[in-house]
């Protein structure tokens, strides 16, 4: 069973703050490690800080604006009518799980998730496939609402409309509840940072949490010798690969000479002219120090470096 929380009339910021109170469908794939665009670290930051990130890029705008269109195409294709829900749902048994669903199917114990995708991602929907993090999102919604079926419909821009049907899976939903419960109770509630995952998001979160170092502070480095040795091996390998990459690029440049493009049936290589204008800040500082002082901006960050003892 679940409780319903009205979201009618909420501003976008109020809605985003409400979502911080639990794990939502779009968080499920990240927590399970299957979302290529998010991670446990990103979810952790979102749920444990007061910061509200109002994303507004073109992909998000298109997805939001076309949601109603996707729903209409689903009705045309299936004959099933759908309706919006002005509620957020929270599981009573697993209160860390919340659901903000796109549509509910009228006359059927089911919901609908609406998606859009670029033509470049069409292969991810081929032959009945569904991106894995979307699968986890739909099963999360089933786990919260108790509905036995969830449809997912997608308009692949400029290509096609497609939809899939997912049905209740006891084992998968039990595992999902356990994974989300472990993450909520062992990371979100006690504010214990999850293990690093190598992502850019992880770097950003660590920088935000530990933005300023205590001056002249030091700690004994324990248990990292093998990892640091491996890091040195990786850096040497990267340097070797980058040298090989540069050599290949130089050979192609020598082949192209003063031609701007080189094209065949597999590749299109460009070596084009680029004009760049930059302010000579050193000269401004010397000749117009008052102007430099007015417009100079100081930012603080931490630089990570490793040196052999």
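In our numbering, the protein residues as written are 257 to 565. Glycine included, each C-beta is placed from N, C-alpha and C at the ideal position. The structure presented is a predicted model; accordingly, all values stated were derived computationally and were not measured.
- Here DSSP, grouped into helix, strand and coil, assigns residue 363 to coil.
- Secondary structure at residue 325: helix, using DSSP grouped into helix, strand and coil.
- Measuring C-alpha to C-alpha distances from residue 276 to each of 329, 350, 354 identifies 354 as the nearest.
- Within the model, the alpha-carbon separation for residue 453 versus residue 460 is close to 12 Å.
- In the same chain as residue 304, and ignoring 5 residues on each side of it, the C-beta atoms closer than 8 Å to its own belong to 444, 447, in chain order.
- Take the alpha-carbon of residue 365 and the one of residue 359: they are about 12 Å apart.
- A Cβ-Cβ distance of about 6 Å is found for the pair residue 282 and residue 393, placing them in contact under the 8 Å criterion.
- Its chain contains no residue whose beta carbon lies nearer than 6 Å to that of residue 328 once the 5 sequence neighbours on both sides are disregarded.
- One thing to note: residue 558 has its Cβ within 9 Å of the Cβ of residue 466.
- In the DSSP annotation of this structure, the continuous segment of the alpha helix (DSSP H) that includes residue 297 starts and ends at 296-304.
- Assigned with DSSP and collapsed to three states, residue 410 falls in strand.
- Per DSSP, the unbroken alpha helix (DSSP H) holding residue 272 starts and ends at 268-275.
- Within the DSSP bridge table, the entry for residue 519 names 524 as partners.
- With a cut-off of 8 Å on Cβ pairs, the stretch 329-339 is not in contact with the stretch 373-390, counting fewer than three such pairs.
- Residue 345 carries a strand assignment under DSSP once its states are collapsed to helix, strand and coil.
- Nearest neighbour of residue 384 by Cα position, chosen from 288, 309, 419, turns out to be 419.
- Judged by DSSP secondary structure, residue 553 falls outside any alpha helix (DSSP H); it is assigned neither H nor E.
- DSSP places residue 290 in the coil class of the three-state scheme, outside both helix and strand.
- One alpha carbon belongs to residue 298, the other to residue 502, and they sit about 34 Å apart.
- Put simply, the backbone Cα of residue 374 is about 49 Å away from that of residue 474.
- According to DSSP, residue pairing for residue 353 in a beta bridge involves 279.
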